[in-house]
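S.K.: Residue numbers (my numbering), protein chains in the order written: chain A, 785 to 897; chain B, 2 to 111. Structure in structure tokens, see below.
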Amino acid sequence: NAGVTQTPKFRVLKTGQSMTLLCAQDMNHEYMYWYRQDPGMGLRLIHYSVGEGTTAKGEVPDGYNVSRLKKQNFLLGLESAAPSQTSVYFCASTRTLLGDTQYFGPGTRLTVL
Amino acid sequence: DAKTTQPPSMDCAEGRAANLPCNHSTISGNEYVYWYRQIHSQGPQYIIHGLKNNETNEMASLIITEDRKSSTLILPHATLRDTAVYYCIVRITFDYKLSFGAGTTVTVRA
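So, in structure tokens, the structure goes:
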């Protein structure tokens with residue numbers, strides 16, 4: 785049982801490049817989330833999903849797209865990376881909303897030059 | 002629209018209890034109090050949560066005041082590995098979102 789895993793762990797992009805971050809969970813959780821964390825700040829929600837085939841916007845969705853084609857995977861895409869998207873990205877999942885905890889992945893550190 | 006207020010930092014001696022305060026004076030009746038921590042560069046880790054009763058698990062205890070306007074997370078015997086940023090979060094049961102503030106940076110010293 786690996787929990788929540790994220791790929792890649794580190795990435796450096798040039799402005800305008802695109803990339804996809806992959807989040808995978810093996811706990812059969814319905815809900816999945818993407819957060820970003822800037823230095824010295826708390827986490828902010830980018831997008832989330834309440835089930836396979838569904839996605840919704842969080843607090844800071846601009847510049848990102850997501851997809852949840854399979855229940856266990858949640859992809860975060862950057863179509864045209866900007867330096868303001870330099871951050872650490874965390875994925876999380878939870879079984880239900882009934883007081884269940886969110887389990888977080890180890891993070892992806894992204895630098896956009 | 003921060004829902005919680007925490008001190009920015011605190012120190013604790015190894016082996017002693019660490020008491021982390023959190024104010025949530027605008028908490029509503031259907032909101033839980035959650036505590037997470039984040040050890041340097043890692044993903045946040047769930048610690049404990051409660052509604053109105055005190056709670057205890059293998060990691061910590063959560064004491065919620067009777068009026069629910071504040072709470073205290075207690076790490077009974079702090080170790081160096083407990084050095085982390087601790088986040089106090091209030092959340093409605095069916096809310097999809099955890100709203101993280103700045104948290105309290107706890108440094109456990111030998």
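Using N, Cα and C, we set each Cβ at its ideal position, and we do this for glycine too.
#1: Between which two residues does the beta strand (DSSP E) holding A/Val872 run?
#2: Please list the residues of the segment 46-73 of chain B that have a C-beta atom closer than 8 angstroms to any C-beta atom in chain A, keeping them in chain order.
#3: Does B/Tyr87 get closer than 8 angstroms to chain A when you measure Cβ to Cβ?
#4: Which runs of the beta strand (DSSP E) fall wholly inside the segment 9-75 of chain B and span at least 3 residues, in chain order?
#5: For A/Leu797, which residues from the same chain have a beta carbon less than 8 angstroms from its beta carbon, with the 5 sequence-adjacent residues on both sides left out?
#6: Strictly below 8 angstroms CB to CB, what residues from chain A border B/Gly102?
#7: With 16 as the cutoff for other CB atoms within 10 Å, does A/Met825 come out buried or exposed?
#8: For A/Ser864, which three-state DSSP category applies?
#9: Which bits of chain B does A/Tyr815 rub up against, with CB to CB less than 7 angstroms?
#10: DSSP on A/Leu897, reduced to helix/strand/coil?
#11: Excluding the 5 residues flanking A/Val834 on each side, which residues of the same chain have their C-beta closer than 8 angstroms to its C-beta?
#12: For chain A, is any of its Cβ atoms less than 8 angstroms away from the one on B/Asp2?
#13: Starting from the C-beta of A/Thr789, find all residues in its chain whose C-beta is less than 7 angstroms away, skip the five residues before and the five after it, and write them out in chain order.
#14: Strictly under 8 angstroms for the Cβ-Cβ distance: is A/Pro792 near chain B by that measure?
#15: Please confirm if the segment 3-13 of chain B is in contact with the segment 870-885 of chain A, defined as three or more CB-CB distances below 8 angstroms between the two stretches.
#16: What three-state label does DSSP hand A/Leu829 in the structure shown?
M.R.: Per the coordinate set shown:
#1: For A/Val872, the uninterrupted beta strand (DSSP E) run begins and ends at 871-878, by DSSP.
#2: So the list reads Gln46, Tyr47, His50, given in the order they occur along the chain.
#3: Chain A, which has no Cβ nearer than 8 angstroms to the Cβ of B/Tyr87, makes this no.
#4: Scanning the segment 9-75 of chain B for uninterrupted beta strand (DSSP E) segments of 3 residues or longer gives 10-14, 19-24, 32-39, 46-51, 62-65, listed from N- to C-terminal end.
#5: Answer for A/Leu797: Met803, Leu862, Ala865, Leu894, Thr895, Val896, Leu897, listed in chain order.
#6: Under the 8 angstroms cutoff, chain A gives Gly826.
#7: Around the beta-carbon of A/Met825, fewer than 16 other beta-carbon atoms lie within 10 Å, marking it exposed.
#8: In this structure, A/Ser864 counts as coil in the three-state DSSP scheme.
#9: Under the 7 angstroms cutoff, chain B gives Tyr97.
#10: The three-state reading of DSSP puts A/Leu897 in coil, since its state is none of H, G, I, E or B.
#11: Glu814, Tyr815, Ala840.
#12: Low local confidence applies: a pLDDT of 44 at B/Asp2 is under 50, so the model's placement there is unreliable, with the coordinate-based value given in what follows. Using beta-carbon distances, B/Asp2 does not count as an interface residue toward chain A, since no partner is under 8 angstroms.
#13: These residues qualify, in order along the chain: Ala808, Gly889.
#14: Cβ-Cβ to chain B under 8 angstroms: no for A/Pro792.
#15: Not touching, per the Cβ criterion.
#16: For A/Leu829, the three-state secondary structure derived from DSSP is strand.
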